[in-house]
Amino acid sequence: MTTYRKFPQVDHADATGELKEIYDDIQATLRVPWVAFACRVLATFPGYLPLAWRAAQPNFATRYAERAVDALRERSLLPGPNPPDLRPKLRELGWDDTRIDAVRRAVDAFNYGNPKYLLLLTAWYEAFHNRPSGGADLSQEDAAPIPRGLPEGVAPLELVDPDTASPEVQALLKRAVDIHFHHGAASDFRVLANWPEYLRLAIDEVLEPVVRTEEYDAVTRALLVQARDSIRGFPAPAGVSQDEISNLCSPSEIAGLSGLLFMYQRFIADVTVDLILLKQALDGPESAAASPFPIP
194 MTTYRKFPQV DHADATGELK EIYDDIQATL RVPWVAFACR VLATFPGYLP LAWRAAQPNF
254 ATRYAERAVD ALRERSLLPG PNPPDLRPKL RELGWDDTRI DAVRRAVDAF NYGNPKYLLL
314 LTAWYEAFHN RPSGGADLSQ EDAAPIPRGL PEGVAPLELV DPDTASPEVQ ALLKRAVDIH
374 FHHGAASDFR VLANWPEYLR LAIDEVLEPV VRTEEYDAVT RALLVQARDS IRGFPAPAGV
434 SQDEISNLCS PSEIAGLSGL LFMYQRFIAD VTVDLILLKQ ALDGPESAAA SPFPIP
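This note's numbering puts the first residue of the sequence shown at 194, with every later residue one more than the last.
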């Protein structure tokens with residue numbers, strides 16, 4: 194009997210036709226090497242995801258969005274001392290700098306992209322409930338486009354499949370889920386599960402001591418408020434309302450979408466803070482709060 198199974202979703206490798214085009218465009222526009230867990234689950238509602246992404250895409254191609262994301266990343270630091278440096282223990286386990294750098298590259302990719310997905314899920318949730326998600330006038334500088342495609346040197350990420358993972362890895366993924374009171378493993382942990390020794394240390398020494406503490410929850414709440422304020426500065430609405438999809442989705446699907454959007458907005462806020470912590474443990478707070486791939 195397996196310890197942990199994958200939550201229902203459409204993985205990128207299984208996407209075809211319009212959905213694959215949407216997934217590819219999400220990655221290219223956001224400049225990230227993975228499609229978020231939330232998007233893969235929302236893809237099980239085919240009447241929603243294409244419309245929601247097409248509304249969001251022009252907004253997320255702007256420098257305004259990039260700056261809003263940078264501000265969210267800076268706000269994601271927890272107060273108090275730095276988390277412990279895991280590198281000495283990894284070296285005791287036989288790790289060299291090459292393996293540590295491979296983990297660092299994955300952490301950097303998530304640290305860059307998680308705040309983008311937080312902004313995206315916030316825009317979708319607010320728009321779904323007929324609250325403002327854009328319509329402001331941008332300056333010429335803020336309206337300027339950002340580069341399209343992955344930053345130089347960034348490669349696609351390999352997500353471990355929980356259904357076929359070893360019992361050890363399944364147990365680690367379940368722990369990552371359980372300490373957050375989540376429903377499924379974030380993409381971040383599925384990627385970090387490629388290095389089980391690292392993931393175990395990350396959970397034991399960096400995440401479990403702080404996740405769901407008052408300080409942690411206060412920062413995630415502040416991120417939700419800041420993200421909501423930021424999306425109101427978009428030049429156009431960045432999502433679709435339930436009224437706009439009422440002819441495409443059944444009442445039960447609309448109820449399900451509302452619940453998923455609510456859940457994933459809070460889920461990605463948690464994971465944004467988690468990866469900031471893991472970056473701090475590798476390279477300190479200044480590096481964690483800065484964009485790994487700044488746009489000149």
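Don't be surprised by glycine CBs; every beta carbon is placed ideally from N, CA and C.
Here the structure is a predicted model, which means the values were calculated and not measured.
Worksheet item: Terminal residues of the continuous alpha helix (DSSP H) containing residue 262?
Response: 256-268
Practice prompt. Just the C-alpha distance for residue 433 and residue 245, rounded to the nearest angstrom, thanks.
Written response: 6 Å
Worksheet item: With C-beta atoms as the reference, is residue 361 less than 8 Å away from residue 389?
Response: yes
Item to complete: Classify residue 338 as helix, strand or coil using the three-state DSSP reduction.
Response: strand
Discussion item. Taking 8 Å as the cut-off, does the segment 279-299 touch the segment 384-403 (at least 3 CB pairs, one atom from each stretch)?
Written reply: yes
Worksheet item: In the segment 287-312, which residue ranges form an unbroken beta strand (DSSP E) of at least 3 residues, counting only runs that do not cross its ends?
Response: none
Discussion item. Check whether the segment 332-348 and the segment 256-263 touch, using three or more Cβ-Cβ pairs below 8 Å as the test.
Written reply: yes
Worksheet item: Quick one: what's got a C-beta closer than 8 Å to residue 251's C-beta in the same chain, skipping five residues either side?
Response: 428 and 429
Worksheet item: How about residue 398 and residue 279: do their beta carbons lie closer than 8 Å?
Response: yes
Discussion item. According to DSSP, is residue 198 part of a helix, a strand, or is it coil?
Written reply: coil
Worksheet entry | 6 Å Cβ shell around residue 325 - same chain, five flanking residues per side excluded | 425
Fill in: residue 410 versus residue 365: straight-line alpha-carbon distance, rounded
22 Å
Discussion item. Measuring alpha carbon to alpha carbon, tell me which residue in 276, 450 and 471 is nearest residue 232.
Written reply: 450
Fill in: Cβ contact check for the segment 343-350 and the segment 269-277: 3 or more pairs under 8 Å
no
Item to complete: Taking only the alpha-carbon atoms, compute the straight-line gap between residue 242 and residue 226 and give it to the nearest angstrom.
Response: 19 Å
Discussion item. Let me make sure I understand the geometry here. Which of 322, 293, 467 and 416 has the alpha-carbon closest to that of residue 283?
Written reply: 293
Discussion item. Between the alpha carbons of residue 310 and residue 420, how many angstroms are there, rounded?
Written reply: 10 Å
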